[in-house]
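*Asks:* Following the working numbering, the numbering of the sequence shown begins with 279 at its first residue and continues without gaps. Backbone N, C-alpha and C define an ideal beta-carbon position, used for all residues, glycine too. Quick one: this structure, given as structure tokens, is what I'll be asking you about.
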Amino acid sequence: MALRGSPPIDELALWGEYPFLPGADRLTEDLSVSVRDLVTEPRYDQVRSIGRARALAGADDPRGTAALAELANARPLERYLSFLFARLLLASTPTPGALRRWAVAEAKRAYDRLSSASAEELAEVARRLGRPLEVGMGGRLTIDLVDYVQLAVPIREADFRLAAQPLAHGRIALARARAARLLEEAVRIELARPRPMAAEVEALVRSRESAAIEELARRVPVPRARPTAGPAALRPELFPPCIRKMRRMLEAGENLSHSGRFALAAFLHRVGADEETIVDAYRGAPDFEEAITRYQVEHITHHEGGRGYEPPECATLRSHGLCVREGDPAAAAPADRVRDPICFEPTLRHPLQYYRIRGGPVVEAPERG
Ligand code: SF4
279 MALRGSPPID ELALWGEYPF LPGADRLTED LSVSVRDLVT EPRYDQVRSI GRARALAGAD
339 DPRGTAALAE LANARPLERY LSFLFARLLL ASTPTPGALR RWAVAEAKRA YDRLSSASAE
399 ELAEVARRLG RPLEVGMGGR LTIDLVDYVQ LAVPIREADF RLAAQPLAHG RIALARARAA
459 RLLEEAVRIE LARPRPMAAE VEALVRSRES AAIEELARRV PVPRARPTAG PAALRPELFP
519 PCIRKMRRML EAGENLSHSG RFALAAFLHR VGADEETIVD AYRGAPDFEE AITRYQVEHI
579 THHEGGRGYE PPECATLRSH GLCVREGDPA AAAPADRVRD PICFEPTLRH PLQYYRIRGG
639 PVVEAPERG
């Protein structure tokens, strides 16, 4: 199959440029490259090195890794195999944020190509991703309304809002640049989905790549007591009882109310957590949907030019049943089961105030208090 447009792309080149497309695995069969070869053979040292660089760059900065030097200098086959290796590595990495951050980075990289692709190439990639675009007269593209809504939800640019779209007969017309941006989102969703892997393959990758897996775990920001990508160091052990309880609930897969979710995101933003870290905090929620969570977190953290929404004060949390200053009998740690004297100080009115009293750094204090 050859696609019309500039530049033209055949089946092999399509998979080389877009190695995440369903069916691209066939390329390794055609090339007679086994997973074991890819993981162990000295002739693939360079491929593995590039694959590690892809994974680690995503962990460092998923939104700024489109131009990776190792990749820019690689031959097409090395690019393709390094992608497969990175995918194997991330599927064997127990750090959940690593795969998601890599998915963002690879989607951005795909966007570089998609943003200058012909309408036909965009339509072919979209079709293979299960989000078909129709190409009309003069290369005019349209997408089904449902696909549009699913892909556009996490995109925060105002001109992607549904109300601003030209809708006719259940389809939305798209300029090529906007179609490329929607496909970037489709790629991210495709790559962020965990893929089942045979136990023996996972064991092989883990034994051969333990250093890279450790490095990924070190670089991916998670809400732990260590510096984050933000300007402050998170100190979860100093969080107030209400926030600690919210995090425990989510980690245990329990449902947290809407007001609790809002309070947690607004609080984490003010204590210096970056967006990836905040999204991670919701990963255990029973109804976790990454795209929706990301959209909601960005809505909270981008408010007022990045200052974010004000986290609710203690009185509000109490009225929503979220204050646990008397202790949480269900908590595993003894310290969480008893009443917290700081919460009973007469001047304490805000969870951020609690955090500051205990020595936690707050990026920007609330106006009141
Ligand atoms: S008193 Fe305030 S800081 Fe303490 S648990 Fe209740 S809401 Fe949280």
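(1) Contact check, glutamate 463 vs leucine 429 under 8 Å by CB: the rounded distance?
(2) Return yes when at least one heavy atom of the ligand SF4 lies under 6 Å from the C-beta of leucine 516, else no.
(3) Quick one: residues in its chain with C-beta nearer than 8 Å to the C-beta of proline 639, no 5 flanking neighbours on either side, listed in chain order?
(4) Give a yes or no on contact between the segment 449-456 and the segment 471-488, applying the rule of three or more CB pairs nearer than 8 Å.
(5) Buried or exposed for isoleucine 521, going by 16 or more other Cβ atoms inside 10 Å?
(6) So glutamate 412 is in the beta strand (DSSP E); what residue range does that whole segment cover?
(7) For a test of your reading of the model: does the CB of valine 602 fall under 6 Å from any non-hydrogen atom of the ligand SF4? Yes or no.
(8) Sorry if obvious, but does the Cβ on tyrosine 633 come closer than 6 Å to a heavy atom of the ligand SF4?
(9) For the beta strand (DSSP E) that contains isoleucine 421, what are its first and last residues?
(10) DSSP on alanine 464, reduced to helix/strand/coil?
(11) In angstroms with no decimal places, state the Cα-to-Cα distance between tyrosine 389 and alanine 397.
(12) Considering only heavy atoms of the ligand SF4, does any lie closer than 6 Å to the CB of leucine 595?
(13) Check arginine 391 in the structure and name its three-state DSSP category.
(14) What would DSSP say about arginine 627, mapped onto helix, strand or coil?
(15) Using a Cβ-Cβ cut-off of 6 Å (strictly less than) and excluding sequence neighbours within five positions of isoleucine 491, which residues of its own chain qualify?
(16) Counting only the same chain and skipping the five closest in sequence on each side, list residues whose C-beta sits under 7 Å from that of glutamate 553.
(17) Touching or not, the segment 611-621 and the segment 531-541, by the rule of three or more beta carbon pairs under 8 Å?
(18) Would you report the Cα separation of alanine 476 and alanine 331, rounded to the nearest angstrom?
(19) Does the Cβ of threonine 506 have 16 or more other Cβ atoms within 10 Å, making it buried, or fewer, making it exposed?
(20) State buried or exposed for arginine 365, treating a residue as buried only when at least 16 other CB atoms are found within 10 Å of its CB.
(21) With a CB to CB cut of under 7 Å and the five nearest residues on each side skipped, what residues in its chain are close to phenylalanine 363?
(22) Need the endpoints of the beta strand (DSSP E) that leucine 346 sits in, please.
(23) Could you have a look at leucine 452 and say whether DSSP puts it in helix, strand or coil?
(24) Thinking C-alpha only, which one of Ala333, Gly301 and Glu319 is nearest leucine 494?
(25) Please name the residue in Leu355, His628 and Ala470 whose C-alpha comes closest to that of arginine 378.
(26) Quick check: what's the CA-CA separation for alanine 453 versus glutamate 295?
(27) Hey, tyrosine 587 and threonine 571: beta-carbon distance below 7 Å or not?
(28) Is proline 619 near the ligand SF4, with its Cβ less than 6 Å from a heavy atom?
(29) Report, in whole angstroms, the separation of the C-beta atoms of glutamate 591 and histidine 628, which I expect to be a contact under 8 Å.
*Replies:* Per the coordinate set shown:
(1) 5 Å
(2) no
(3) Ala510, Ala511, Arg513, Val549 and Gly550
(4) no
(5) buried
(6) 411-413
(7) yes
(8) no
(9) 419-422
(10) helix
(11) 14 Å
(12) yes
(13) helix
(14) coil
(15) Thr371
(16) Val575, Glu576 and Thr579
(17) no
(18) 24 Å
(19) A caution first: threonine 506 carries a pLDDT of 43, below 50, which makes its placement in the model unreliable, though a value can still be read off. By the 10 Å Cβ count, threonine 506 comes out buried.
(20) buried
(21) Leu316, Val325, Arg326 and Gly329
(22) Where leucine 346 is concerned, there is no enclosing beta strand (DSSP E), given that its DSSP letter is neither H nor E.
(23) strand
(24) Ala333
(25) Ala470
(26) 22 Å
(27) no
(28) no
(29) 5 Å
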